[in-house]
Amino acid sequence: RTFQHQDHVTFAKLSPDGQQLVTACADMTAKLWNVATGKCLHSLKGHWGTVDHAAFSLDGQQVLTTSDDGTAGIWDVASGQRLHTLKGHQGIVYRAAFSLDRTQVVTASE
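Here it is in C-alpha coordinates:
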(Lines of atoms letter the chains of each structure in order from A; the text may use other names.)
(Lines give C-alpha, C1' and ligand atoms only; values in the text may rest on other atoms or scores of the structure.)
Protein backbone atom coordinates (compact mmCIF):
# COMPACT_ATOMS: atom_id res chain seq x y z
CA ARG A 99 0.00 0.00 0.00
CA THR A 100 0.95 3.62 -0.44
CA PHE A 101 0.32 6.09 2.39
CA GLN A 102 0.62 9.60 1.00
CA HIS A 103 1.39 12.99 2.52
CA GLN A 104 1.99 16.40 0.91
CA ASP A 105 5.73 16.25 1.71
CA HIS A 106 8.30 13.63 2.70
CA VAL A 107 7.54 11.21 5.51
CA THR A 108 10.01 11.43 8.39
CA PHE A 109 8.87 8.43 10.45
CA ALA A 110 6.35 5.58 10.40
CA LYS A 111 5.29 3.18 13.14
CA LEU A 112 2.74 0.36 13.39
CA SER A 113 0.31 0.22 16.29
CA PRO A 114 0.86 -2.55 18.87
CA ASP A 115 -1.92 -4.64 17.29
CA GLY A 116 -0.60 -4.01 13.76
CA GLN A 117 -3.94 -2.67 12.51
CA GLN A 118 -3.01 1.01 12.30
CA LEU A 119 -0.03 2.98 11.11
CA VAL A 120 1.04 6.46 12.18
CA THR A 121 3.20 8.51 9.84
CA ALA A 122 5.04 11.73 10.67
CA CYS A 123 5.73 14.24 7.93
CA ALA A 124 7.49 17.43 6.92
CA ASP A 125 4.06 18.85 5.98
CA MET A 126 3.51 19.58 9.72
CA THR A 127 1.05 16.70 10.16
CA ALA A 128 0.96 13.14 11.35
CA LYS A 129 -1.61 10.75 9.96
CA LEU A 130 -3.30 7.64 11.28
CA TRP A 131 -3.99 4.94 8.70
CA ASN A 132 -5.92 1.69 8.53
CA VAL A 133 -3.27 -0.79 7.41
CA ALA A 134 -5.72 -3.22 5.78
CA THR A 135 -7.55 -0.64 3.65
CA GLY A 136 -4.92 2.11 3.30
CA LYS A 137 -7.56 4.66 4.34
CA CYS A 138 -6.48 7.75 6.27
CA LEU A 139 -8.41 7.67 9.55
CA HIS A 140 -7.23 11.01 10.97
CA SER A 141 -4.89 13.82 10.00
CA LEU A 142 -3.26 15.12 13.19
CA LYS A 143 -2.85 18.85 12.67
CA GLY A 144 -1.52 21.39 15.14
CA HIS A 145 2.26 21.44 14.89
CA TRP A 146 3.97 24.47 13.29
CA GLY A 147 7.02 22.60 12.05
CA THR A 148 8.05 19.25 10.61
CA VAL A 149 6.70 16.32 12.62
CA ASP A 150 9.80 14.24 13.29
CA HIS A 151 8.57 11.25 15.27
CA ALA A 152 5.41 9.46 16.35
CA ALA A 153 4.80 6.66 18.82
CA PHE A 154 1.78 4.68 19.96
CA SER A 155 1.06 4.04 23.62
CA LEU A 156 1.35 0.36 24.56
CA ASP A 157 -2.45 0.00 24.59
CA GLY A 158 -2.71 1.72 21.18
CA GLN A 159 -5.17 4.33 22.46
CA GLN A 160 -2.90 7.37 22.16
CA VAL A 161 -0.20 8.69 19.83
CA LEU A 162 2.68 10.93 20.80
CA THR A 163 4.20 13.25 18.17
CA THR A 164 7.32 15.43 18.22
CA SER A 165 8.11 18.45 16.09
CA ASP A 166 10.62 21.04 14.95
CA ASP A 167 8.31 23.59 16.61
CA GLY A 168 9.72 22.56 20.02
CA THR A 169 6.61 20.74 21.21
CA ALA A 170 5.27 17.23 21.58
CA GLY A 171 1.60 16.36 21.23
CA ILE A 172 -0.54 13.62 22.73
CA TRP A 173 -3.46 12.55 20.53
CA ASP A 174 -6.47 10.30 20.96
CA VAL A 175 -6.36 7.55 18.33
CA ALA A 176 -10.12 6.97 18.16
CA SER A 177 -11.08 10.62 17.58
CA GLY A 178 -7.87 12.16 16.22
CA GLN A 179 -8.20 14.96 18.79
CA ARG A 180 -5.16 16.54 20.42
CA LEU A 181 -5.32 15.90 24.17
CA HIS A 182 -2.19 17.74 25.37
CA THR A 183 0.61 19.93 24.09
CA LEU A 184 3.93 19.45 25.86
CA LYS A 185 6.07 22.60 25.85
CA GLY A 186 9.34 23.64 27.41
CA HIS A 187 12.05 22.60 24.98
CA GLN A 188 14.17 25.35 23.43
CA GLY A 189 14.76 23.46 20.18
CA ILE A 190 13.54 20.64 17.98
CA VAL A 191 11.95 17.72 19.83
CA TYR A 192 13.37 14.65 18.10
CA ARG A 193 11.93 11.69 19.98
CA ALA A 194 9.40 10.81 22.65
CA ALA A 195 7.99 7.75 24.34
CA PHE A 196 5.19 6.81 26.71
CA SER A 197 5.83 4.94 29.95
CA LEU A 198 4.36 1.43 29.93
CA ASP A 199 1.34 2.53 31.97
CA ARG A 200 0.88 5.74 29.92
CA THR A 201 1.17 7.98 32.99
CA GLN A 202 4.45 9.62 31.93
CA VAL A 203 6.13 10.81 28.76
CA VAL A 204 9.82 11.30 28.07
CA THR A 205 11.00 13.66 25.29
CA ALA A 206 14.42 14.34 23.77
CA SER A 207 15.60 17.52 22.08
CA GLU A 208 18.73 19.45 21.14
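In terms of this note's numbering, the sequence shown has 107 at position 9, counting the first letter as 1, and numbering is strictly consecutive. Where a beta carbon is used, it is the ideal one built from N, C-alpha and C, also for glycine.
Taking all protein chains in view, the Cβ of Ala152 is crowded by 16 or more other Cβ atoms within 10 Å, so the residue is classified as buried. Around the Cβ of Ala194, a 10 Å sphere holds 16 or more other Cβ atoms; the residue is buried.
In terms of Cα proximity to Ser197, the closest of Ala134, Gly147, Leu162 is Leu162. When the beta-carbon positions are compared, Phe109 and Thr127 stay at least 9 Å from each other. When rounded, the separation of the alpha-carbon atoms in Lys185 and Gln117 is 30 Å. Excluding residues up to 5 positions away in sequence, Tyr192, Arg193 lie with their Cβ nearer than 6 Å to the Cβ of Ala206 in the same chain. Cβ-Cβ distances below 7 Å link Gly144 to Gly171, Arg180 in the same chain, with the five nearest sequence neighbours on each side left out; the list follows chain order.
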